[in-house]
Amino acid sequence: MDLQKIINGPFMFIITAIPVFYVLVQAFLFYRAARKRGKEIGMDDKGMNKIVRGTAIFSIMPAVPILLFLIILAPGLGLFFPWLRLSVIGSGVYENLIAQTIGTGMGFPGLQGLSPEAYLIIMVTMTLAIMAGPILTVVALRPIIGKLDQIESQEGSFGPELVPSVFIGLLVAIALPSLLPKTVIIEEVSKLQVPWVAIVTFISSALMVIGLGKISQKTKNNTIKEFSFPVSILFGMIVAIVFSAIM
Amino acid sequence: MRTRDKYNDSIHKLGRTTNLIAIILMLMVPIAFKIYTGTEFDTAAFIQHGLPLIIIYSIVGVTEIFSYTPVLGAGGTYVSFITGNISNMKLPSSIAAQQAINAKKGSEEADVASTLAIATSSFVTVTVLIIGLIGFSFFKGILENEVLAPGFTNVLPALMGAFATPFILKSPKKALVAIAFIIIYQYILVPLAPPKIGGILPAFTVFFSVLVTTGVSYLMFKNNKKKAS
Chain A
5 MDLQKIINGP FMFIITAIPV FYVLVQAFLF YRAARKRGKE IGMDDKGMNK
55 IVRGTAIFSI MPAVPILLFL IILAPGLGLF FPWLRLSVIG SGVYENLIAQ
105 TIGTGMGFPG LQGLSPEAYL IIMVTMTLAI MAGPILTVVA LRPIIGKLDQ
155 IESQEGSFGP ELVPSVFIGL LVAIALPSLL PKTVIIEEVS KLQVPWVAIV
205 TFISSALMVI GLGKISQKTK NNTIKEFSFP VSILFGMIVA IVFSAIM
Chain B
67 MRTRDKYNDS IHKLGRTTNL IAIILMLMVP IAFKIYTGTE FDTAAFIQHG
117 LPLIIIYSIV GVTEIFSYTP VLGAGGTYVS FITGNISNMK LPSSIAAQQA
167 INAKKGSEEA DVASTLAIAT SSFVTVTVLI IGLIGFSFFK GILENEVLAP
217 GFTNVLPALM GAFATPFILK SPKKALVAIA FIIIYQYILV PLAPPKIGGI
267 LPAFTVFFSV LVTTGVSYLM FKNNKKKAS
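Protein chains in written order, with this note's numbering: chain A, 5 to 251; chain B, 67 to 295.
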């Protein structure tokens, strides 16, 4: 059996395209429900269109690096299965880690020359490893949200502070690790490899977003505010390119 | 107009039904591959190499629900946990949308804005990946270009610089707690843990950060209340 032919062929495309297009339909159903509810509670079309436009522009740049994982995974796993995992449910880092760990463990380092058996185990593991979250949404999200609403609505309690606290904990945990040196060996502190490009990138986009926010406030120009996130991300990326080139 | 409870009922019904179908469709992919190719399922190799990863990521998945749900809201959580890429796409989109309309956190407007943003962000991800699939060779050339590569590998710091900084500046005390915790966690707790546990601890960074930041914020809140009374 020519595995590469199958995993890059029409059969694989069809079985992966079905869930991808289903998820598009699902996203549309939620979009429609939210839009309808927005109208019911008095949100105007202009405001909701602003959200959609802002998000669409804002999401393009972070979506591009996902393509990088497609490029990393495609030589070993074919085009279509990584396409499914990265379009739906997955995250580039997790998918790559699982594939590489199993591939190496089964004697196929770098996912080169995978046997159909190893390929099937990678597929099953990738699929099941990330299922706990979706399954939990089906069986337990309602009571979880109910409990959260109850906590948040208690006046004078910690409730209203809950979401902002969770939020800061989330943001710092996502942002900070990419800015910290990786070494953990105390004796080698002097050899710490500081990720200067990441730090400079972070600071540049931070300054840009703050600057644009101030300009928007002073000029009362909402368009600047609306585009401040995508512009700042793009600026940070350009700084990363320039800084890497001159370092 | 429907009451908030009725709307919530409809969102949960939609979420449970559509997520269940999505789960079944995704499970069908490896099953279809097995049937079509007649590949044997190597149970011993699966138990040795796949099962430990499934256990670890399942625990991470459970903790993620508790970490992200308060911010994403019901509709946003249902879609996010099927479309993935939560930390790098769905969460920033959700918050930016709530901020764009100055919605109060936890309000119904915030919930609607979050759902709209996450659905839109899902369309964009899938569209970008479809375009990437069609023009695979072309994009491969661009993304692997040595000069441009640092731009793409540093999207997360660029995204977080723009996105997290205003919030960190607004809540410096909470942010300091989280920053101190992450540094202690990464440089002391993870290296001190036995190798087998230390290897998987980074996957729980988000959960523990949320837990510690919320816990310390609660203690600060109680302390302030005591002082005030």
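Just so you know, even glycine gets a beta-carbon here, dropped at the ideal spot from N, CA and C.
Flagged as an interface residue toward chain B: W87(A), by a C-beta distance shorter than 8 Å. The region 9-78 of chain A is shown to contain whole alpha helix (DSSP H) runs of 4 or more residues at 14-44, in chain order. The continuous stretches of alpha helix (DSSP H) do not include D108(B), and DSSP gives it neither H nor E. Around E121(A), the beta-carbon contacts reaching into chain B at under 9 Å are T105, E106, F107, D108 and A111. Per DSSP, N100(A) is one residue of the alpha helix (DSSP H) stretching across G96 to G109.
By the neighbour-count criterion, in which 16 or more other beta carbons inside 10 Å mark a residue as buried, G141(B) falls on the buried side. Residues of the region 5-31 of chain A with a C-beta less than 7 Å from any C-beta of chain B: M5, I10, F15, I19, T20, I22, P23, V24, Y26, V27, L28, Q30 and A31, listed in chain order. Between F204(B) and chain A, the shortest Cβ-Cβ separation is not below 8 Å. A244(B) carries a helical assignment under DSSP once its states are collapsed to helix, strand and coil. A166(B) sits away from G240(A), with the two beta carbons spaced by 8 Å or more. Annotated three-state conformation of V143(A) is helix, per DSSP.
Residue contact check for N151(B) against chain A: a CB pair falls below 8 Å.
Only buried fits I70(A), as 16 or more other CB atoms lie within 10 angstroms of its CB. At the C-beta level, S159(B) and A183(B) come within 8 Å of one another. Annotation for I76(A): N100 place their beta carbon closer than 7 Å to its own, counting only its chain and skipping 5 residues before and after. The region 139-198 of chain B is shown to contain whole alpha helix (DSSP H) runs of 4 or more residues at 157-166, in chain order. The C-alpha of P268(B) lies about 20 Å from the C-alpha of F147(B). Residue-level contact by beta carbon fails for L77(A) and chain B, as no gap is shorter than 8 Å. In this structure M16(A) is buried. Its beta-carbon is surrounded by 16 or more other beta-carbon atoms within 10 angstroms. When DSSP states are grouped into helix, strand and coil, G116(B) belongs to the helix group. For P216(B), the enclosing alpha helix (DSSP H) begins and ends at A215 to T219. At least one CB of chain B lies nearer than 8 Å to the CB of A67(A). Put simply, the backbone Cα of Y98(A) is about 26 Å away from that of T280(B).
The contact set of S283(B) on chain A, defined by CB atoms closer than 7 Å, consists of E165 and S169 in chain order.
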